[in-house]
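Student: So the sequence shown is residues 151 to 808, counted in the working numbering. Pasting a structure below so you can have a look.
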Amino acid sequence: MHFIVVPVEFDGGLSIHRPAILTLTLTCAPALGNPIQTPSFQFAPAHCLCAENSPTEVKQTLSITLGKVHSRSRIAQGEVYPLNLPRRVVQSPHRDSFNYSFVKLRQVDRPLDLDLVSSLTVTGFSLMRSPVARRQLAKMVYFQTTRAVGRPAFRQALIRYLIRLTLVYIAGKYFVYRLFLHPANQLPGPAPDLLVPFLGNFRQLLSKDAGVTHREWAKKYGTVFRYFAGGNNPRILVSDPALVKQVLTNDELDFIKPPETKQFLSLFLGDGVLVTEGDVHRYQRKMLNPAFGVSALRDMIPSMILPTQQLVHQWWKQCNTDSPTELVVSHGLQLLSLEVIGRAGFGQQFDCLENPERNPLSRAYLDLLAGDSPVETLFAMMFPWAHRLPAPRARQVRRDMASLKKEAQLMVTNAAQRSDLQNKKDLLALMMQQVDEDSGNTLTPTELQDQCLTFLAAGHETTSVAVSWCLHTLAHHQDIQDELRREVTSLFHHLSPEDESPTDLPGYEAINQLPLLNNICKESLRYTPPVPITNRIATKDFDLKGKTFPKGTRVVICPMVSHFDKQQWGDDCDEFIPSRWDYAPANTISPYVYLPFLAGGRQCIGYKFALIEFKVVLALLIKNFKFTPKPGFKVRKGMQITLRPLPNMTLMVQRVDP
Ligand code: HEM
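Laid out in structure tokens, this is it:
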């Protein structure tokens with residue numbers, strides 16, 4: 151038996167001008183004995199806009215109308231009766247559902263051959279024109295979804311479906327595409343580690359010191375190769391100087407920092423210059439560059455020498471008079487570089503060396519950097535949301551970050567109230583006085599605050615790591631250490647180790663003119679680059695060596711590889727030879743091969759600051775102490791943002807009589 155159910159009016163003021171035909175073909179055959187209870191829909195509900203919830207209402211309507219039919223006439227299978235029934239009101243049992251209240255039921259004498267799609271389209275358009283209908287539809291979708299989700303069978307089927315879909319997605323993206331189909335696979339490179347299937351070559355990378363595995367791969371696969379990182383994500387490592395230049399300079403704007411690195415860094419640094427990209431970054435560099443010029447640095451020399459003298463005095467007191475003493479040098483150096491950046495950067499004495507816990511800024515930084523595990527740092531970088539977890543360490547990190555922001559804000563507010571700002575020569579004062587020539591703008595308090603946090607972070611850990619490794623290397627090269635001591639003593643001879651406030655300090659030029667000190671710093675930054683690796687992500691498709699790689703591909707620049715490339719440096723590149731800087735190839739080396747401060751538009755803004763600080767600290771320490779290795783002490787080069795010594799660098803330190 152076939153019916154057309156024609157709803158002519160809907161609840162809630164929804165009016166459909168033409169009698170919109172909700173075509174429902176009903177087969178009442180199974181219900182012949184009792185058509186009132188079991189009319190079943192043949193196909194319409196599957197197509198109908200209100201498919202899922204209309205049956206209830208239609209059933210009710212039919213119950214009534216068929217009930218009337220039944221009372222008047224006998225319905226037999228195949229028999230067709232003309233119906234011309236009056237409208238009847240049907241109350242929906244689901245108040246929230248889409249219900250129509252007047253239904254006219256018309257019986258036809260032949261199987262239906264209606265244009266179902268067009269009639270439903272009319273219905274759909276009419277419905278969507280009415281705000282009330284839209285609301286009704288939204289309600290209906292919500293109602294149907296919640297009702298379906300409420301059914302255990304549906305839930306199970308949905309979960310099964312989602313699991314299957316997820317597995318197919320993971321297998322497709324993380325295994326098939328990344329390990330085989332991604333264009334990076336055209337390049338040579340190591341096979342993924344099958345023992346940890348999801349982590350690419352991570353196990354190999356973490357099993358050795360930072361950069362060592364990369365270096366081995368470079369020897370085997372050349373200056374452009376691919377490997378797999380976490381999630382089997384392919385990375386292309388380039389050490390060919392022309393290609394490094396392409397990434398860092400020629401197409402600089404097409405290669406940005408990976409979002410997770412930026413997210414991780416911006417937790418601490420806000421929108422500082424280390425994090426921003428494009429025009430904002432260019433503007434910030436323009437505003438900040440003058441603060442790092444040589445004339446500014448000349449005035450900062452006392453802010454470097456005085457805290458170093460303080461550390462010398464501390465170590466002098468800790469050392470035995472006639473035998474070497476074991477000292478955790480990296481700890482003292484970290485406090486020192488924080489104090490230097492406090493004084494030279496912000497005109498403030500953090501008093502880190504005397505009382506590291508006193509200043510909230512230094513306290514927060516020391517706590518944040520306290521972790522000794524590279525895995526911990528990698529985890530934090532890969533999952534920047536981890537600090538939101540309700541774990542005690544995460545809570546402490548949140549407290550530290552809040553404290554950093556508050557203190558930086560305070561620092562900027564206090565600086566703005568200084569009456570003698572014009573005479574101050576620290577980074578913050580210089581930044582505050584900087585006016586953009588084009589727009590006439592100055593940096594806003596928030597911008598200044600973020601830059602302060604950036605300089606604190608970027609400027610102190612790197613320098614202390616650089617000096618720690620240099621002392622370690624010199625401890626294994628006593629002849630070079632002795633020679634350096636002779637050179638620096640000639641310049642700093644009048645500074646007594648017990649004098650924390652010396653006067654008559656050597657100047658910027660005099661320090662830079664010490665040739666061995668210069669060579670040792672350069673060679674040490676080659677041998678143990680404090681930033682061993684840098685990642686970029688392509689913002690558009692790019693060509694490298696005649697091959698095209700898609701947007702989103704990760705490119706790695708690795709000073710630990712470039713600095714040990716025999717073709718560039720010669721066969722002795724694995725050795726520490728400061729004198730190499732006196733002749734070729736080192737003294738003519740490409741800036742895209744020697745990369746301790748990177749190159750291009752994102753080169754370290756503080757590299758001159760860092761170099762002069764490195765020299766001052768190294769000179770004063772070597773002048774006053776002899777460093778030798780601690781027997782049995784094994785130190786690893788940590789694969790963190792910086793090349794951290796793991797565990798903290800410990801050396802034997804002996805006083806050198808003035
Ligand atoms: C030996 C010490 C240092 C080393 C080896 C070093 C190295 C680097 C490297 C490799 C980068 C580029 C990172 C990247 O883009 O992936 C960088 C960026 C940066 N460094 Fe340094 N740095 C040192 C000291 C300093 C100091 C003392 C300061 C500030 C006082 C500083 C401030 C910055 C800033 C602000 C950036 C971001 C520049 C930008 O993206 O435009 N650095 N540094």
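Quick reminder that beta carbons are idealized off the backbone N, C-alpha and C, glycines included. All values reported here derive from a predicted model rather than from experimental measurement.
So for Phe-759, helix, strand or coil by DSSP?
Tutor: Helix at Phe-759.
Student: Could you check if Pro-746 belongs to the surroundings of the ligand HEM, using beta carbon to heavy atom distance under 6 Å?
Tutor: A heavy atom of the ligand HEM is found nearer than 6 Å to the CB of Pro-746.
Student: Contact between the region 777-789 and the region 596-606 is defined here as three or more beta-carbon pairs at a separation below 8 Å; is this criterion met?
Tutor: By the Cβ test, the region 777-789 is not in contact with the region 596-606, since fewer than three Cβ pairs between them sit closer than 8 Å.
Student: Which whole-angstrom value is the C-beta distance of Ala-392 and Phe-699, which I expect to be below 8 Å?
Tutor: That belief does not hold up - the Cβ atoms of Ala-392 and Phe-699 are roughly 16 Å apart, past 8 Å.
Student: Taking Cβ positions, are Asp-449 and Lys-574 nearer each other than 7 Å?
Tutor: no
Student: Could you have a look at Arg-568 and say whether DSSP puts it in helix, strand or coil?
Tutor: Of the three classes helix, strand and coil, the one that applies to Arg-568 here is coil, per DSSP.
Student: Taking 6 Å as the cut-off, does the CB of Cys-754 come closer than this to any heavy atom belonging to the ligand HEM?
Tutor: yes
Student: Quick check: the region 733-748 against the region 705-719, are there 3 or more CB pairs under 8 Å?
Tutor: yes
Student: Buried or exposed: Ala-625, going by 16 or more other Cβ atoms within 10 Å of its Cβ?
Tutor: With 16 or more neighbouring CB atoms inside 10 Å of its own CB, Ala-625 falls in the buried class.
Student: Could you check which residue in Leu-771, Thr-778 and Ile-707 has the C-alpha nearest to that of Gln-753?
Tutor: Looking at the Cα atoms, Ile-707 is the closest of the given residues.
Student: Could you give the distance in angstroms between the alpha-carbon of Val-711 and the alpha-carbon of Lys-787?
Tutor: 14 Å
Student: Between which two residues does the alpha helix (DSSP H) containing Asn-685 stretch?
Tutor: No alpha helix (DSSP H) holds Asn-685; the beta strand (DSSP E) holding it covers 684-688.
Student: Applying the criterion that 16 or more other CB atoms from any shown protein chain within 10 Å of the CB defines a buried residue, is Asp-550 buried or exposed?
Tutor: buried
Student: What number of angstroms, rounded off, separates the C-alpha of Gln-460 from the C-alpha of Ser-569?
Tutor: 29 Å
Student: Note down, in chain order, each residue of its chain lying with its Cβ closer than 7 Å to the Cβ of Glu-476, except the 5 sequence neighbours on either side.
Tutor: Lys-780, Thr-800 and Met-802
Student: So, for Thr-363: in the same chain, excluding its five sequence neighbours on each side, which residues have a beta-carbon less than 6 Å away from its beta-carbon?
Tutor: Same-chain partners within the cutoff: Gln-354 and Leu-355.
Student: Per DSSP, what are the beta-bridge partners of Glu-650 in this structure?
Tutor: Under DSSP, Glu-650 takes part in no beta bridge, so it has no partner.
Student: With burial defined as no fewer than 16 other Cβ atoms inside 10 Å of the residue's Cβ, what is the status of Lys-773: buried or exposed?
Tutor: buried
Student: How is the beta strand (DSSP E) around Gln-804 delimited, first residue to last?
Tutor: 800-805
Student: Assign Asp-517 to one of three DSSP states: helix, strand, or coil.
Tutor: helix
Student: The ligand HEM heavy atoms versus the CB of Gly-657: any closer than 6 Å?
Tutor: Gly-657: no, Cβ never under 6 Å from the ligand HEM.
Student: For Asp-586, which three-state DSSP category applies?
Tutor: coil
Student: Please state the DSSP three-state secondary structure of Phe-418.
Tutor: helix
Student: Classify Gln-306: buried if its beta carbon has 16 or more other beta carbons within 10 angstroms, exposed otherwise.
Tutor: Counting other Cβ atoms within 10 Å of its Cβ, Gln-306 stays below 16 and is therefore classed as exposed.
Student: How is Arg-493 classed by DSSP in three states: helix, strand or coil?
Tutor: Helix, per DSSP.
Student: Which of helix, strand or coil does DSSP assign to Phe-764?
Tutor: For Phe-764, the secondary structure class from DSSP, reduced to helix, strand or coil, is helix.
Student: In whole angstroms, give me the CA-to-CA distance for Pro-474 and Trp-466.
Tutor: 11 Å
Student: Going by the C-beta, is Ala-760 closer than 6 Å to any heavy atom of the ligand FAD?
Tutor: The ligand FAD is not part of this structure, which contains only the ligand HEM.
Student: Going by C-alpha to C-alpha distance, which of Arg-301, Gly-361, Gln-434 and Leu-331 sits closest to Gln-790?
Tutor: Gly-361
Student: Does DSSP put Lys-209 in a helix, a strand or coil?
Tutor: Below a pLDDT of 50, predicted positions are generally treated as unreliable, and Lys-209, at 43, falls in that range; the measurement from the model is reported next regardless. In the structure shown, Lys-209 sits in a helix (DSSP, three-state: H, G or I).
Student: DSSP state of Val-706, grouped into three classes?
Tutor: strand
Student: Do Met-561 and Phe-496 have their C-beta atoms closer together than 7 Å?
Tutor: Yes; because the gap between Cβ atoms is below 7 Å, this pair is in contact.
Student: May I have the straight-line CA-CA distance separating Ala-760 from Ala-607, to the nearest angstrom?
Tutor: 13 Å
Student: Determine whether the beta carbon atoms of Leu-456 and Val-617 lie at a separation below 7 Å.
Tutor: no
Student: Could you give the residue range of the alpha helix (DSSP H) that holds Thr-613?
Tutor: 595-625
Student: I want to check one thing, is the minimum distance from the CB of Phe-605 to the heavy atoms of the ligand HEM below 6 Å?
Tutor: yes
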